[in-house]
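Chemist:
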Amino acid sequence: MTEKPPLSKDRKQREADALRANLQRRKEQARARVKKLNPLEPSSFHS
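If you use our numbering, the sequence shown corresponds to residues 12 to 58, in order.
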C-alpha cells in the first residue's frame, strides 16, 4: 500500500474542522463553568 502525500486542501479542511471543534468545546466548557458558578443567572455572563 503506497502512501500518497496529503493534499493541502484536505489538510486545510482537517485543520479547520479541528479548530472549529476545539472552539466549540471551549465554548461549552465556559458555559458549564458559568452555570456552575451562577446557576440562577446564566445570561449574566453575556451582559
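Where is the CB? At the ideal position from N, CA and C, for every residue including glycine. Computed from a predicted model, the values in this text were never measured in an experiment.
#1: Going straight from the alpha carbon of residue 21 to that of residue 37, what length do you get?
#2: Which residues mark the beginning and the end of the alpha helix (DSSP H) in which residue 38 is found?
#3: Under a three-way DSSP split, which group does residue 13 fall into?
Modeler: Taking the definition as stated:
#1: By one-based count along the sequence shown, residue 21 stands at place 10. By one-based count along the sequence shown, residue 37 stands at place 26. Roughly 24 Å between the two C-alpha positions.
#2: Position 27 of the sequence shown holds residue 38. Here the alpha helix (DSSP H) through residue 38 covers 19-48.
#3: For the purposes of this step, residue 13 is taken as the residue at position 2 of the sequence shown. Reduced to three states, the DSSP call for residue 13 is coil.
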